[in-house]
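Chains as they are written, first to last, in our numbering: chain A, 1 to 290; chain B, 1001 to 1281; chain C, 2001 to 2201.
From the three backbone atoms N, C-alpha and C, an ideal C-beta is built for every residue, glycine too.
All figures in this text were calculated on a predicted structure; none of them were measured in a lab.
What follows is a single structure, written as structure tokens, with notes after it.
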């Protein structure tokens, strides 16, 4: 299991939020995220996952207004005291819709990647350097001169990731980044994320793709109706089969299988597997015994 | 996902390597303003026709003659075709008889004032349209955006302009898709006026809804990328004047001096001096 | 902030929503013209989004979006004088705005729609007539029906202004009134969360 750094990057302290038209979207959120950690967020629709993500870069509450209690600190900046523009150098966010989050100003992939940096007034030379680096990281080399609107969904999401990477934020937030993608697009995006995780990036990812989160994340935050149901290492959260089912979330297939087998066979497993390799190992041992 | 949804600029600009293409967009933009204003200063169909011919010559150099001629054929010529006969006969300020034509036993008088009006105004608009096209078709989209930055326009305007020209072909594609979908659901275009208006509605409503959703998402994405940061935005492009631009400006200065001379000596309507020859034949 | 203290935050999103809405209005005006061609609807279809934008986001957004459409058309297709039609879009936005503020935009009360329809159909063309004459010469349009109307009025009244006005009526009455009604219908169908201005009923 990965040893998490002790350097705190994100801190929620008794944070509650209501939109102007919807009360109690997030209720009493307390948590810390550490440098290099990958935190997954799961929950049924309306749980507050997107709101949680947007509260990291100040969109909540600045963009929408509403009422706030408590605070959120990201990379030492209180999100209530800083504008979204100021926070954009600390937190980069990738949204669900690949095409709609394109700036609309950039004529090429290169310009789109450099868009955030242009908005912050960085020099052309620095922008060029960072853009090159970011494009290589997400595997869009060769497509620099293409229009962003000509790319596939997976390519556009990778482009969005590159736009965020170019700004070198301390935290990357992804709000259901593969929800609207085809299987190839999903594969492309998750491949990029795996590389970023290997490099030690701090990532928050809200997703319905539980199977993938099992592989990517260190901890999982389980939200329901704005409240924290569980916040623990991924294995523990994904093993809470009844809680997940109650919330309408499908646990990872192999975890669920093991849970059902446990009941059926009357065997007690020390822990449930959440990855295929773990399941293979576990069942091999069980079958050997049998 | 649109596979051909690119900027209106990229779709329309004719990519070539001519002197006109190489000229700085500021030069071409200035020329477009300059000649359009002169077309309005002079009320003279001969002079205005000369302006138009000048633009056509530049279009030949820029290898965009076909597009320019097409625009003239579609706007200027039909306009003249209606304007000249109607105004030659009916213009309220007609006074100088040119000739009379017999039509079905009627003697229809054709007057000079209406004739001149019917010629001059379409030519003026023709100059404006063709000079705009000359600028637009030979200006690389990146250079157009650079021009907006160089003009020190507020960034929000630059964004709005560039985003609009990017959005237009995307929306057109989306409208096409919605149209095809509705056709397959039985939409017919060979119907009465009320039904046609209804058809307009059933195409425009989903397009509008989709556009409004995109507005929300794009706004938060822009905000997240520092759009509202109170700093001077970096323009990704650089444009510089070249020798062709200086030559062009010298030409414009000389032409301006000539026009000022004409204006002082002959007034805003030099053709008036030639009118008597035209009338007496 | 003290623990437990609830704070009200003023939203800042409206400004950027407006900035993103403006090019959308310009683009929708353009596409309106394209859809008119596809459906052969009897309107120009290139100012309806100005009305819609005003109804959704207020006068400034509608007016600037409409104006931007004309700037783009001036630079790309119609030439310099066409930017003047941008001011016509501002007038359209103004008429829409006042109609909204005075409660004349409620589809459930069709009687109240009569006044803005009269303004759009008969008052607005006074402005377009002035533009047609001073910027475009006031000659007949290059379409047979309006040109025929123009010629008939000019022949019978010898009044240049009246001929232009009646010619404008022929095109503007159907276009503006239909565009106005269409925009009201669209606004009535879209989710309330997209509407940023308070509508008076």
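Under 7 Å by beta carbon: chain C residues contacting residue i
i              : result
residue 9/A    : Residues of chain C passing the Cβ test: none, with the nearest at roughly 21 Å.
residue 1164/B : 2023, 2026, 2027, 2068, 2072
residue 1172/B : 2031, 2034
residue 1125/B : 2079, 2081, 2136
Residue nearest to residue i in terms of C-alpha spacing, selected from the options
i              : options                        : result
residue 1251/B : 1207/B, 1034/B, 1022/B         : 1034/B
residue 1267/B : 1031/B, 1025/B, 1043/B, 1015/B : 1043/B
residue 2155/C : 1164/B, 1074/B, 1123/B, 1093/B : 1093/B
residue 2182/C : 2124/C, 2158/C, 2011/C, 2047/C : 2047/C
residue 1237/B : 256/A, 123/A, 245/A            : 123/A
residue 1205/B : 2026/C, 2132/C, 2184/C         : 2184/C
residue 2081/C : 1113/B, 1160/B, 1130/B, 1049/B : 1130/B
residue 231/A  : 8/A, 41/A, 283/A               : 41/A
residue 64/A   : 1080/B, 1263/B, 1219/B, 1257/B : 1219/B
residue 1195/B : 2119/C, 2036/C, 2197/C         : 2036/C
residue 1197/B : 2006/C, 2042/C, 2005/C, 2023/C : 2042/C
Length of the line joining the Cα atoms of residue i and residue j
i              : j              : result
residue 1108/B : residue 1119/B : 19 Å
residue 2186/C : residue 2072/C : 25 Å
residue 2099/C : residue 139/A  : 53 Å
residue 55/A   : residue 72/A   : 8 Å
residue 2210/C : residue 1127/B : Residue numbering for chain C in the displayed model covers 2001 to 2201; residue 2210/C lies beyond these limits and cannot be assessed.
residue 1259/B : residue 1036/B : 13 Å
residue 202/A  : residue 109/A  : 25 Å
residue 284/A  : residue 186/A  : 31 Å
residue 189/A  : residue 1245/B : 47 Å
residue 2059/C : residue 2053/C : 8 Å
residue 2084/C : residue 2066/C : 12 Å
residue 85/A   : residue 2122/C : 48 Å
residue 1199/B : residue 2039/C : 6 Å
residue 1152/B : residue 1271/B : 40 Å
residue 94/A   : residue 181/A  : 14 Å
residue 1235/B : residue 1150/B : 9 Å
residue 1125/B : residue 1071/B : 11 Å
residue 164/A  : residue 1215/B : 20 Å
Proximity test, residue i beta-carbon vs the ligand FMN heavy atom, cut-off 6 Å
i              : result
residue 1233/B : What this structure holds is no ligand at all, so the ligand FMN is not there to describe.
Neighbouring residues, chain A, relative to residue i (Cβ below 7 Å)
i              : result
residue 1141/B : 107
residue 1217/B : 95, 97, 100, 101
residue 2010/C : 65
Chain B contact residues for residue i, given Cβ-Cβ distances below 8 Å
i              : result
residue 85/A   : 1223, 1226, 1227, 1228, 1229, 1230
residue 50/A   : Chain B residues near residue 50/A: none, gap ~10 Å exceeds 8 Å.
residue 2124/C : None at all; the shortest Cβ gap to chain B is about 19 Å.
residue 2150/C : 1086
Within chain B, the residues that residue i reaches when beta carbons sit closer than 9 Å
i              : result
residue 15/A   : The contacting residues do not exist; residue 15/A stays about 19 Å from chain B at best.
residue 2158/C : 1090, 1092
Chain C residues whose Cβ lies nearer than 8 Å to that of residue i
i              : result
residue 1036/B : 2079, 2080, 2081
residue 1111/B : Going along chain C, no residue has its Cβ under 8 Å from residue 1111/B, so there is no contact; the nearest lies around 13 Å.
Partners in chain A for residue i, counting only beta-carbon separations shorter than 9 Å
i              : result
residue 2013/C : 59, 62, 63, 64, 65
Closer than 8 Å at the beta carbon, the chain A residues around residue i
i              : result
residue 2051/C : Those do not exist, as residue 2051/C stays about 23 Å from chain A at its closest Cβ, beyond 8 Å.
residue 2019/C : The premise fails here: residue 2019/C is roughly 10 Å from chain A at the closest Cβ pair, so nothing lies under 8 Å.
Would you check if the region 105-117 of chain A and the region 1221-1234 of chain B touch, i.e. whether three or more CB-CB distances between them fall below 8 Å? yes
contact_flag[the region 2093-2110 of chain C, the region 2140-2155 of chain C] where n(CB pairs < 8 Å) is 3 or more: The region 2140-2155 of chain C and the region 2093-2110 of chain C do not touch, with fewer than three beta-carbon pairs separated by less than 8 Å.
May I ask you to verify whether the region 101-108 of chain A touches the region 123-142 of chain A, counting CB pairs closer than 8 Å and requiring at least 3? Judged by pairs of C-beta atoms under 8 Å, the region 101-108 of chain A does not touch the region 123-142 of chain A, as fewer than three such pairs exist.
Members of the region 53-67 of chain A near chain C, C-beta cut-off 7 Å: 61, 62, 63, 64, 65, 66, 67
Pair every Cβ in the region 267-283 of chain A with every Cβ in the region 57-77 of chain A, then say whether three or more of these pairs are closer than 8 Å. no
Tell me whether the region 215-223 of chain A and the region 34-41 of chain A touch, counting them as touching only if at least three CB pairs, one residue from each stretch, are closer than 8 Å. yes
The region 1045-1074 of chain B: positions lying closer than 7 Å to chain C by Cβ: none
Along the region 144-166 of chain A, where does the CB come closer than 7 Å to a CB of chain B? Name the residues. Flagged, chain order: 147, 149, 150, 152, 153, 163.
Return the residues of the region 1148-1162 of chain B that lie within a Cβ-Cβ distance of less than 7 Å from chain A, sorted by chain order. 1159, 1162
When you compare the region 2119-2137 of chain C with the region 2160-2168 of chain C, are there three or more beta-carbon pairs, one atom per stretch, that lie closer than 8 Å? yes
Counting Cβ pairs closer than 8 Å, one from the region 244-258 of chain A and one from the region 205-212 of chain A, do we hit at least three? yes
Pairs of beta-carbons, one from the region 2027-2036 of chain C and one from the region 2012-2019 of chain C, closer than 8 Å: are there three or more? no
Pair every Cβ in the region 2187-2195 of chain C with every Cβ in the region 1199-1213 of chain B, then say whether three or more of these pairs are closer than 8 Å. yes
How about the region 1152-1169 of chain B and the region 2061-2072 of chain C: do they share at least three Cβ pairs that are nearer than 8 Å? yes
When you check each C-beta in the region 2174-2200 of chain C against every C-beta of chain B, which residues fall closer than 7 Å? 2178, 2182, 2185, 2186, 2189, 2190, 2194
Between the region 1128-1148 of chain B and the region 1044-1061 of chain B, can you find at least three pairs of beta-carbon atoms closer than 8 Å? yes
Given a limit of 8 Å on CB to CB distance, which residues of the region 1191-1215 of chain B reach chain A? 1213, 1214
Hey, is the region 1102-1116 of chain B in contact with the region 1084-1091 of chain B, meaning 3+ C-beta pairs nearer than 8 Å? yes
Determine contact between the region 1135-1150 of chain B and the region 1024-1033 of chain B, defined as no fewer than three beta-carbon pairs at a distance below 8 Å. Inter-segment contact for the region 1135-1150 of chain B and the region 1024-1033 of chain B is present: three or more beta-carbon pairs are separated by less than 8 Å.
Residues within the region 113-147 of chain A neighbouring chain B, beta-carbon criterion of under 8 Å: 114, 115, 116, 117, 118, 119, 120, 121, 122, 123, 124, 127, 147
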